[in-house]
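These protein sequences, in sequence, are chains A and B. What the first sequence shows, in the numbering used here, is residues 884 to 1256, in sequence order. What the second sequence shows, in the numbering used here, is residues 3 to 188, in sequence order. By construction, the Cβ of each residue, glycine as well, lies at the ideal position given by its N, Cα and C atoms.
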Amino acid sequence: MTGRQDDVGRTLRSLLLAETDAMPVDIHHAAVHLRRRLADTRKRRRVTLAVAASVVAAVAVTVAGGWLGISKAGDPAKDPDPSVTVAREFLDAFVSYDADAAISYLTSNAAVQGDLIAYAGSGDAENLRLTLAHYRAAHYEQTVTDCVPEGTAASGVSVRCAFDLQAVRSDEMGLGPYTGNYWRLTVRDRKIVSVQQTIALNGTRFSHQVWGPFASWVHINHPDDVETMFVDSEMIVQRLTEDSNRLWEQRSAEYVAVAKQNPGAHLDEPDVAAYAAKLESICAAAQAKVKNEIKAIQQQTQPAIREARERVMLETMLQLRAAPLPKAIHWPYVGRAFPLLEQFYAYPHNVQPPESLAQEIQQIPGLNKCLSD
Amino acid sequence: MLLPQRVPSDSVTESEVQRKALPRDRASAVTALFEEHYAPLVRMARLLVDDRETAEDVVMDAFTSLYRRWTAVRDPAEAHRYVRACVLNGARSQLRRRRRWRRHESAGPQQDAIREGHETNQADRSTVTQLLAALPYRQRQVLVLRYFADLTEAQIAYELGVSPGSVKTHASRGLAALARALEGSR
């Protein structure tokens, strides 16, 4: 950074502090709002537990009824909340890319909003068709895992449906599924009046494991396509046109093919061999550091050991990603190898990652030593 | 071994956070953290989104998310980092949604403004926030985290999921653009 930029940085810091110090923040009002939201969340958890309990009870009644020859009419498992049924049917249509079927569940002025979608009423059918065509082209696959009624308001019954996401062919690279996403739908008189789709860009790391590398790859290798495929120069929002969808299908397939290339095939190139050796030394040093740090812990509790391992592995991931990558193997590491390793580390302490994941990583030059404990 | 969903705790602020004990029940603990961090986080979010109301919503969502994930969060410092990460991503999602929605509502002249990053409510903004808003979003994030939240380059790299070199590049480009804009405004 130049001296001039240091000056600008200092100026920026003082301007930002002056700007934000002058901004009033009503903590009291906000605290009241937070308490209300936490209470709502608790209530929803209770509803979820109640639903789970009712499912268990229903199963028990079904089994007992089967033994005793009792009729199953009126069984709650057989008569789910109609709002949940409508929500599920709408989402079934949605994840099957069937725009007409999806629209048939919406009121004429329904609004559908989200990270990957915008739709405003029946005059907007073409836009929804293009959106779903984009989903298909970019291989968005959403698996609805759970739908729970959240409560009733004047606008209707609110239903929250969680879903797992695969997109931009992440599944073809062995990545994902990316969890923590949800739909919130409001249902009134068996019609949907509003839909909000939220994709968890935070916890899932979808953004920098899949979206970011793909966008960079397009930007570098097909700069002329950027404007056709994205609305903005930052490549955050996809453009919804037939030309764009065609390119998403084609470029995502090409990207996956590049990311899945075996970096081992380049090991006869000196810079690649040196890079693999560098990664191996980073991983070996990390293992040694973990052992030393654990030895140095006075009270050998599981949380303390876990903390030491996590701290070292965080540093290790940063070092691995910071090592200058030879061009020939850039995308196999950025697009697949590092995300796979992060996925491996992201498994909770008490859960064994799948053997297939470990095997995939073991085949990547330089990362083998990062797996042993 | 595990990959922690957090950044190294090397700042004075986070060390201070770590020393404080929290109430044992979930709601009281989240409320205590809220009282301590809400105002600075709203101020940070305000620099990342278009208006104060959105900033407040993003921070409120972050604390609600913390409440849901409380059992997976082990200490106050980690909770603080988790909320900050939620705010960063929530702000980005809000802008993304807004861009899509505005694009959808009115194609045409506004589209050009959006693409140049000038989609903000100008009347509500000072020169510095207008200049920040005109930067590409990644540069804006990096500058806010560096010069407002006082994070190191390594911390920013982890928060944003990019390399430290990339943080340096974004910071350098962002500062250069701001310098040009500040000179132009004089």
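Between residue i and residue j, is the Cβ-Cβ spacing less than 8 Å?
{"i": "F173/B", "j": "V144/B", "result": "Per the sequence shown, residue 173/B should be read as Ala rather than Phe. The answer is yes: Cβ separation under 8 Å."}
{"i": "A994/A", "j": "A985/A", "result": "no"}
{"i": "G1063/A", "j": "E1163/A", "result": "no"}
{"i": "R1204/A", "j": "F1221/A", "result": "yes"}
{"i": "G176/B", "j": "L137/B", "result": "yes"}
{"i": "A970/A", "j": "L1068/A", "result": "yes"}
{"i": "R1052/A", "j": "H1022/A", "result": "yes"}
{"i": "H1105/A", "j": "M1118/A", "result": "no"}
{"i": "F150/B", "j": "L917/A", "result": "no"}
{"i": "P1096/A", "j": "G1218/A", "result": "yes"}
{"i": "T131/B", "j": "E902/A", "result": "yes"}
{"i": "A1167/A", "j": "M1056/A", "result": "no"}
{"i": "Y1158/A", "j": "P1237/A", "result": "no"}
{"i": "S1038/A", "j": "V1076/A", "result": "yes"}
{"i": "A914/A", "j": "F36/B", "result": "yes"}
{"i": "R1088/A", "j": "E1190/A", "result": "no"}
{"i": "C1253/A", "j": "A1171/A", "result": "no"}
{"i": "V32/B", "j": "L921/A", "result": "yes"}
{"i": "A183/B", "j": "L133/B", "result": "yes"}
{"i": "Y40/B", "j": "I910/A", "result": "yes"}
{"i": "V908/A", "j": "V89/B", "result": "no"}
{"i": "E155/B", "j": "V169/B", "result": "yes"}
{"i": "Q888/A", "j": "A178/B", "result": "yes"}
Determine the closest residue to residue i out of the options, with distance taken between C-alpha atoms.
{"i": "Y69/B", "options": "I158/B, S30/B, E161/B, N91/B", "result": "S30/B"}
{"i": "A1036/A", "options": "L921/A, A1206/A, V1070/A", "result": "V1070/A"}
{"i": "V967/A", "options": "P1186/A, W1066/A, L1208/A", "result": "W1066/A"}
{"i": "D1072/A", "options": "S1041/A, H911/A, V995/A, D1154/A", "result": "S1041/A"}
{"i": "I1199/A", "options": "K1161/A, P1215/A, D1126/A", "result": "The residue you asked about is not Ile; residue 1199/A is Thr in the sequence shown. Per the Cα distances, K1161/A."}
{"i": "S1302/A", "options": "N1128/A, L1015/A, A1167/A, F1089/A", "result": "The structure shown does not extend to residue 1302/A, since chain A is modelled only from 884 through 1256, so no value can be given for it."}
{"i": "L50/B", "options": "T66/B, R28/B, R98/B", "result": "R98/B"}
{"i": "D1029/A", "options": "S1038/A, A1045/A, R1019/A", "result": "A1045/A"}
{"i": "P42/B", "options": "S67/B, Q132/B, D152/B", "result": "D152/B"}
{"i": "I1165/A", "options": "E1132/A, Q1202/A, Q1182/A, R1192/A", "result": "Q1202/A"}
{"i": "A1083/A", "options": "L133/B, A179/B, A93/B", "result": "A93/B"}
{"i": "Y1138/A", "options": "D1115/A, Q1170/A, S1099/A, K1178/A", "result": "S1099/A"}
{"i": "R1129/A", "options": "L898/A, L1013/A, V1076/A", "result": "L1013/A"}
{"i": "K1074/A", "options": "D1047/A, L989/A, D1107/A, Y1018/A", "result": "L989/A"}
{"i": "P1032/A", "options": "F1089/A, D1007/A, D964/A", "result": "D964/A"}
{"i": "R28/B", "options": "H39/B, Y40/B, R54/B, T73/B", "result": "T73/B"}
{"i": "V1027/A", "options": "P1186/A, H1017/A, Y1061/A", "result": "Y1061/A"}
{"i": "F973/A", "options": "E1110/A, M906/A, R1043/A", "result": "R1043/A"}
Under a Cβ-count criterion, where at least 16 other Cβ atoms within 10 Å of its own Cβ denotes burial, should residue i be classed as buried or exposed?
{"i": "E58/B", "result": "buried"}
{"i": "N1145/A", "result": "exposed"}
{"i": "L900/A", "result": "exposed"}
{"i": "D63/B", "result": "buried"}
{"i": "R1134/A", "result": "buried"}
{"i": "P959/A", "result": "The predicted model places P959/A with a pLDDT of 42, which falls under 50 and marks its position as unreliable; any figure quoted below should be read in that light. Under this definition P959/A is an exposed residue."}
{"i": "Q141/B", "result": "buried"}
{"i": "R1192/A", "result": "buried"}
{"i": "G167/B", "result": "exposed"}
{"i": "V1173/A", "result": "buried"}
{"i": "I1180/A", "result": "exposed"}
{"i": "G1059/A", "result": "buried"}
{"i": "H912/A", "result": "exposed"}
{"i": "G1034/A", "result": "exposed"}
{"i": "Q1246/A", "result": "exposed"}
{"i": "S897/A", "result": "exposed"}
{"i": "S67/B", "result": "buried"}
{"i": "I1080/A", "result": "Note that residue 1080/A is Gln in the sequence shown, not Ile. Answer is buried; the Cβ neighbour count reaches 16."}
{"i": "D52/B", "result": "buried"}
{"i": "N91/B", "result": "buried"}
{"i": "A1148/A", "result": "exposed"}
{"i": "D1115/A", "result": "buried"}
{"i": "R1122/A", "result": "buried"}
{"i": "L895/A", "result": "buried"}
Using 8 Å for Cβ pairs, my map puts residue i next to residue j. What's the rounded Cβ distance?
{"i": "Y160/B", "j": "L1197/A", "result": "7 Å"}
{"i": "I1212/A", "j": "V1155/A", "result": "6 Å"}
{"i": "M1112/A", "j": "W1131/A", "result": "6 Å"}
{"i": "Q1049/A", "j": "E1024/A", "result": "4 Å"}
{"i": "A47/B", "j": "V60/B", "result": "5 Å"}
So is residue i in contact with chain E if we call contact Cβ pairs under 8 Å?
{"i": "A181/B", "result": "Among the chains of the structure shown, chain E does not appear; the protein chains present are A and B."}
**Asked** Whole alpha helix (DSSP H) runs in the segment 1003-1067 of chain A with 4 or more residues, listed along the chain?
**Response** 1008-1020
**Asked** Which residue spans inside the segment 17-97 of chain B form an unbroken alpha helix (DSSP H) run of at least 4?
**Response** Runs of the alpha helix (DSSP H) inside the segment 17-97 of chain B: 28-50, 54-70.
**Item:** Unbroken stretches of the alpha helix (DSSP H), 4 residues or longer, contained in the segment 1068-1144 of chain A
**Value:** 1095-1104, 1109-1112, 1125-1142
**Item:** Runs of beta strand (DSSP E) lying entirely within the segment 146-175 of chain B, each at least 3 residues, in chain order
**Value:** The segment 146-175 of chain B contains no whole beta strand (DSSP E) run of 3 or more residues.
**Message:** Restricting to runs no shorter than 4 residues, where is the alpha helix (DSSP H) found entirely within the segment 1178-1224 of chain A?
**Reply:** 1185-1205
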